[in-house]
Amino acid sequence: MPQETNACQAEACSLQTCLNKNTYKPEKCDDHLKQLYLCCQKFYQETNEQAESTACPIPSVVKRWLKDHDK
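Residues in the sequence shown are numbered from 658 upward in steps of one, following our numbering.
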């Protein structure tokens, strides 16, 4: 079972704060969302996908999101 970590927690909290401030306009938080996914991508690259983060979706979701949003 992969080791769990708090990697990218700061980015996730920043995104949540932004979403709380922009309840009716979540698109204003797109940069925060992108930063979270970039952090998760780096985390998974550094751990060879052998760890999990409570702040990150599974690696395949991260890859797909970045591909769909032109990293």
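The beta carbon of each residue, even a glycine, is placed where N, CA and C say it ideally should be.
DSSP-derived helix/strand/coil call for residue i
i: T674; result: helix
i: D727; result: coil
Option in the options with minimal Cα separation from residue i
i: D688; options: A712, S671, Q707; result: S671
i: E661; options: Y701, D725, L723; result: Y701
i: L676; options: K724, R721, L690; result: L690
i: D725; options: C713, Y694, Q673; result: Y694
Residue i burial status per 10 Å Cβ neighbour count (16 or more: buried)
i: A667; result: exposed
i: V719; result: buried
i: S717; result: exposed
Identity of the residues DSSP links to residue i by a beta bridge
i: E661; result: E709
**Prompt:** Of all the beta strand (DSSP E) runs that stay within the bounds of the region 670-722, which reach a length of 3 or more residues?
**Reply:** Within the region 670-722, the complete beta strand (DSSP E) runs of at least 3 residues are 708-710.
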